[in-house]
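In terms of full-length UniProt numbering, the sequence shown is numbered consecutively and its last residue is 69. Before any comments, here is the structure.
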Amino acid sequence: MIEALKDDTVINALGGRFKFTSLVQHRVRELMDGDRPLVERNGRTDFEVAVQEVVEGKITLELPAEDEE
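Written out as structure tokens, the structure reads:
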């Protein structure tokens, strides 16, 4: 599963490593607070589950819309 991160396709699709890391960190926090995983846990840690969800495209990064004045 972590092998998928060696290919930068997913990271580049999100806009870079910082955004990828922020997304995974936010999702790990949600999982720790009790949210249900969107993929099978199969004995994996919250971090591994969050990364797998990102790799499979089950969660994405949504930035707030900029207000045009």
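From the three backbone atoms N, C-alpha and C, an ideal C-beta is built for every residue, glycine too.
Asked: For Gln52, count neighbouring C-beta atoms within 10 Å of its own C-beta (all shown protein chains included) and say buried if the count is 16 or more, exposed if not.; Found: buried
Asked: Return the first residue and the last residue of the alpha helix (DSSP H) that Arg36 is part of.; Found: From DSSP, Arg36 is part of no alpha helix (DSSP H); its letter is neither H nor E.
Asked: Using a Cβ-Cβ cutoff of less than 8 Å, which residues in the same chain neighbour Val10 once the five nearest sequence positions on both sides are dropped?; Found: Ala4, Phe20, Val54, Val55
Asked: Going along the chain, which unbroken runs of the alpha helix (DSSP H) with 4 or more residues stay wholly within the region 3–66?; Found: 9–14, 17–32, 46–55
Asked: Going by other Cβ atoms of all chains shown within 10 Å of its Cβ, with 16 needed for buried, is Leu63 buried or exposed?; Found: exposed
Asked: Pick out whichever of Val49, Ala65, Glu66 has its Cα sitting closest to the Cα of Leu23.; Found: Val49
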